[in-house]
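Peer 1:
Chains as they are written, first to last, in the working numbering: chain A, 3 to 211; chain B, 3 to 211.
(1) Have a look at residue 119 of chain B and residue 128 of chain B and give me their C-alpha separation to the nearest angstrom.
(2) What residue range does the alpha helix (DSSP H) around residue 75 of chain B cover?
(3) For residue 188 of chain A, is the classification buried or exposed, using 16 other Cβ atoms within 10 angstroms of its Cβ as the cut-off for buried?
(4) List the residues of chain A whose Cβ lies closer than 7 Å to the Cβ of residue 101 of chain B, in chain order.
(5) Pick helix, strand or coil for residue 2 of chain B, following the three-state DSSP scheme.
(6) How big is the Cα-Cα spacing for residue 32 of chain B and residue 99 of chain A?
(7) Under 8 Å between beta-carbons, which chain B residues line up against residue 40 of chain A? List them in chain order, please.
(8) Closer than 8 Å by beta-carbon distance: list the chain A residues that pair up with residue 153 of chain B, in chain order.
(9) Would you identify the three-state DSSP class for residue 61 of chain B, choosing helix, strand or coil?
(10) Got a sec: is the Cβ-Cβ distance from residue 7 of chain A to anything in chain B below 8 Å?
(11) Along chain A, in chain order, which residues have C-beta atoms closer than 9 Å to that of residue 174 of chain B?
(12) Which chain B residues sit within Cβ distance under 8 Å of residue 205 of chain A?
(13) Pick out whichever of B:170, B:97, B:70 has its Cα sitting closest to the Cα of residue 179 of chain A.
(14) Could you check what DSSP says for residue 5 of chain B in three-state terms: helix, strand or coil?
(15) For chain B, find out if any of its Cβ atoms is closer than 8 Å to the Cβ of residue 209 of chain A; answer yes or no.
(16) Where are the beta strand (DSSP E) runs, 3 residues long or more, that stay fully inside the stretch 97-154 of chain A, in chain order?
(17) When you compare the CB positions of residue 85 of chain B and residue 122 of chain B, do they come within less than 8 Å of one another, or not?
(18) Can you tell me whether residue 130 of chain B is buried or exposed, with buried defined as 16 or more other CB within 10 angstroms of its CB?
(19) DSSP three-state label for residue 206 of chain B, please.
(20) Is the stretch 37-50 of chain B touching the stretch 34-44 of chain A in the sense that three or more CB pairs, one from each, lie closer than 8 Å?
(21) Whose Cβ in chain B lies nearer than 7 Å to the Cβ of residue 198 of chain A?
(22) Within the same chain, show all residues whose beta-carbon is closer than 7 Å to that of residue 209 of chain B, passing over the 5 residues directly before and after it, in chain order.
(23) Whole angstroms are fine: how far does the CA of residue 193 of chain B sit from the CA of residue 11 of chain B?
(24) With DSSP as the reference, label residue 20 of chain A as helix, strand or coil.
(25) Nearest-angstrom Cα distance between residue 103 of chain A and residue 142 of chain A?
(26) In whole angstroms, what is the alpha-carbon distance linking residue 54 of chain B and residue 190 of chain A?
(27) Assign residue 137 of chain A to one of two classes, buried (16 or more other C-beta atoms within 10 Å of its C-beta) or exposed (fewer than that).
(28) Pick helix, strand or coil for residue 162 of chain A, following the three-state DSSP scheme.
(29) The alpha helix (DSSP H) spanning residue 215 of chain B covers which residue range?
(30) Residue 168 of chain A and residue 201 of chain B: beta carbons closer than 8 Å?
(31) From what residue to what residue does the alpha helix (DSSP H) around residue 50 of chain A run?
(32) Comparing the C-beta of residue 93 of chain B with each C-beta of chain A, is any distance below 8 Å?
(33) Smallest Cα separation from residue 67 of chain B: which of B:49, B:183, B:77?
(34) Does the distance from the C-beta atom of residue 203 of chain A to that of residue 101 of chain A stay below 8 Å?
(35) State yes or no: is the C-beta of residue 146 of chain B within less than 8 Å of the C-beta of residue 90 of chain B?
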């Protein structure tokens, strides 16, 4: 157990849009508490303590533990969606856009693996409305990747017998990086992204691979 | 919440070797409790209650909650290892053996997704010795898949620039099925296995794919 947020997850780029500073500190503390002990084993008191605040101070920003999970899940899912939409709209051939999407999506899941695990594994703890909202973002992410695959099939650059199934596989491969990635391991996030972009281009039968 | 074990996870083939019957019931109850609430939020009293037993009766079979997790993790990991070792030793070309491994590994993770999630996501809660034992089984599983890839490269049937990286990717793709698979969804475990075997053969540059 470590009361200090890990460096890789404390980066401004993840939670930078959350203000004021106290709310941002609470979100960072919640990510680490949920990742270590699970959502259900974590109390708002634990989270406040990690953030160096009182439970009453937490309550000013978040009325419930579920609101904190929702905030984490929403920001994480929106960031994932932005990444694949950027790639979809980036110009270039379908192979270039797919490679771009995979490299960026893998890098995010490797660099922010603690956040990504909470986002992926605690979905079931969201309230009904929040869950529906997050599922809609996931569908849009799925749609953005599928659009790139469909473009490649249309131009004849890709050969994909089952576009829907291949889309699930591509996203799944990238998301699972959050489970196994180890910052002290042999590969950097960029190296995994590069390897995976190559593997995914082969999966979709990209010409010349 | 549902006190009854789900049908797909109660199958004799998963926990059939655990005797007596009371120990098997406790393991099944623990799998569902851990999957729903997480390891740290579950008490031995919860588990005993789900199994229709007293905490004292649980204690006869398992001294601690961690022993239950260890039992689940060990059986799950041993089963995964058997699956890939069977495929490695099954005869046939490397492509046939890899296809066999992926189909069987995916099927296991889809059919037993609740167990597989506990096995994969609660690794960090194992005690030090138990963790080391499970990591050794995981390394053997990785080694069995890698051996098939190396055979294919040796015979010229596969073209794999990074065998170690591709091995991680193949296992990761199959393991993540446990996260997203939905028994009420559009694909059966066998259909996902078939799709994934084709995608993996492309990933390793199998001839004629």
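Here a beta-carbon is modelled for each residue, glycine too, at the ideal position from N, C-alpha and C.
Peer 2: Based on what the coordinates show:
(1) Counting from one through the second chain, the residue named residue 119 of chain B turns up at place 117. Counting from one through the second chain, the residue named residue 128 of chain B turns up at place 126. Straight through space, the alpha carbons of residue 128 of chain B and residue 119 of chain B are spaced by roughly 15 Å.
(2) On the second chain, position 73 is the one that residue 75 of chain B refers to. It spans 67-90 - the alpha helix (DSSP H) in which residue 75 of chain B sits, taken as one unbroken run.
(3) Walking along the first chain from the start, residue 188 of chain A turns up at place 186. Around the beta-carbon of residue 188 of chain A, fewer than 16 other beta-carbon atoms lie within 10 Å, marking it exposed.
(4) Here residue 101 of chain B corresponds to residue number 99 of the second chain, with the count starting at 1. From the beta-carbon of residue 101 of chain B, no residue of chain A is found nearer than 7 Å; the closest lies around 15 Å away.
(5) Since the first residue of chain B shown is 3 and the last is 211, residue 2 of chain B is not available in this structure.
(6) As a first step, residue 32 of chain B is located in the second chain; it is residue number 30 there, counting from the start. As a first step, residue 99 of chain A is located in the first chain; it is residue number 97 there, counting from the start. Put simply, the backbone Cα of residue 32 of chain B is about 44 Å away from that of residue 99 of chain A.
(7) Locating residue 40 of chain A in the first chain gives position 38, where the first residue counts as 1. Near residue 40 of chain A (Cβ distances below 8 Å), the residues of chain B are 39, 40, 41, 42, 43.
(8) The sequence position of residue 153 of chain B within the second chain is 151, counting from 1. Those within 8 Å of residue 153 of chain B in chain A number zero; the least Cβ separation is about 19 Å.
(9) On the second chain, residue 61 of chain B is found 59 positions in, with the first residue counted as 1. Three-state DSSP puts residue 61 of chain B in a helix.
(10) If you number the first chain from 1, residue 7 of chain A lands on position 5. Residue placement at residue 7 of chain A is flagged as unreliable, the pLDDT there being 43, under the threshold of 50; a coordinate-derived value is accordingly withheld.
(11) Indexing the second chain from 1 puts residue 174 of chain B at position 172. Around residue 174 of chain B, the beta-carbon contacts reaching into chain A at under 9 Å are 174, 175, 178, 179, 181, 182.
(12) As a first step, residue 205 of chain A is located in the first chain; it is residue number 203 there, counting from the start. Those are 201, 204, 205, listed as they occur along chain B.
(13) Translated into positions along the first chain, residue 179 of chain A becomes position 177. Just measuring C-alpha positions, the residue of B:170, B:97, B:70 sitting nearest residue 179 of chain A is B:170.
(14) Working through the second chain from its first residue, we reach residue 5 of chain B at position 3. Any reading at residue 5 of chain B must be qualified, since the residue scores a pLDDT of 40, below 50, and its modelled position is unreliable; the value itself is stated next. Residue 5 of chain B falls in the coil class under three-state DSSP.
(15) The count along the first chain starts at 1 and reaches residue 209 of chain A at position 207. Output row for residue 209 of chain A: interface = no.
(16) Complete beta strand (DSSP E) runs here, min 3: none at all.
(17) Against the second chain, residue 85 of chain B aligns to sequence position 83. Against the second chain, residue 122 of chain B aligns to sequence position 120. Not closer than 8 Å, so no.
(18) If you number the second chain from 1, residue 130 of chain B lands on position 128. Label assigned to residue 130 of chain B: exposed.
(19) Residue 206 of chain B sits at position 204 when you count from the first residue of the second chain. When secondary structure is reduced to three states using DSSP, residue 206 of chain B falls in the coil class, being assigned neither helix nor strand.
(20) Yes, since at least three Cβ pairs between the stretch 34-44 of chain A and the stretch 37-50 of chain B fall closer than 8 Å, the two stretches touch.
(21) As a first step, residue 198 of chain A must be located in the first chain, where it is residue number 196. Contacts between residue 198 of chain A and chain B, judged by CB atoms closer than 7 Å, involve 171 in chain order.
(22) Residue mapping note: residue 209 of chain B aligns to position 207 of the second chain, counting from 1. If we look at residue 209 of chain B and ignore the five residues flanking it on each side, its Cβ neighbours are 159.
(23) On the second chain, position 9 is the one that residue 11 of chain B refers to. On the second chain, position 191 is the one that residue 193 of chain B refers to. Summary for residue 11 of chain B: the model assigns pLDDT 48, below 50, so the residue's position carries little reliability; its value from the coordinates is reported in the next sentence. Their backbone Cα atoms lie some 19 Å apart in a straight line.
(24) In the first chain, the residue the question calls residue 20 of chain A occupies position 18. It is coil, neither helix nor strand.
(25) For the purposes of this step, residue 103 of chain A is identified with residue 101 of the first chain, where counting begins at 1. For the purposes of this step, residue 142 of chain A is identified with residue 140 of the first chain, where counting begins at 1. Cα-Cα distance, rounded: 14 Å.
(26) Looking up residue 54 of chain B in the second chain gives position 52. Looking up residue 190 of chain A in the first chain gives position 188. In this structure, the alpha-carbon of residue 54 of chain B lies about 48 Å from that of residue 190 of chain A.
(27) Here residue 137 of chain A refers to the residue found at position 135 when the first chain is read from its first residue. Flag for residue 137 of chain A reads exposed.
(28) Walking along the first chain from the start, residue 162 of chain A turns up at place 160. In the structure shown, residue 162 of chain A sits in coil (DSSP, three-state: anything other than H, G, I, E or B).
(29) This structure does not reach residue 215 of chain B, given that chain B is present from 3 up to 211, and the question cannot be answered.
(30) Mapped onto the first chain, residue 168 of chain A falls at position 166. Mapped onto the second chain, residue 201 of chain B falls at position 199. Yes, the Cβ-Cβ distance between residue 168 of chain A and residue 201 of chain B is below 8 Å.
(31) If you number the first chain from 1, residue 50 of chain A lands on position 48. Taken as a continuous stretch (DSSP letters only), the alpha helix (DSSP H) holding residue 50 of chain A covers 46-52.
(32) Position 91 of the second chain, counted from the first residue, corresponds to residue 93 of chain B. Interface annotation, residue 93 of chain B: not in contact with chain A, CB-CB separation never under 8 Å.
(33) As a first step, residue 67 of chain B must be located in the second chain, where it is residue number 65. Scanning B:49, B:183, B:77 for the CA closest to the CA of residue 67 of chain B turns up B:49.
(34) As a first step, residue 203 of chain A is located in the first chain; it is residue number 201 there, counting from the start. As a first step, residue 101 of chain A is located in the first chain; it is residue number 99 there, counting from the start. Yes.
(35) The residue labelled residue 146 of chain B in the question sits at position 144 within the second chain. The residue labelled residue 90 of chain B in the question sits at position 88 within the second chain. The answer is yes: Cβ separation under 8 Å.
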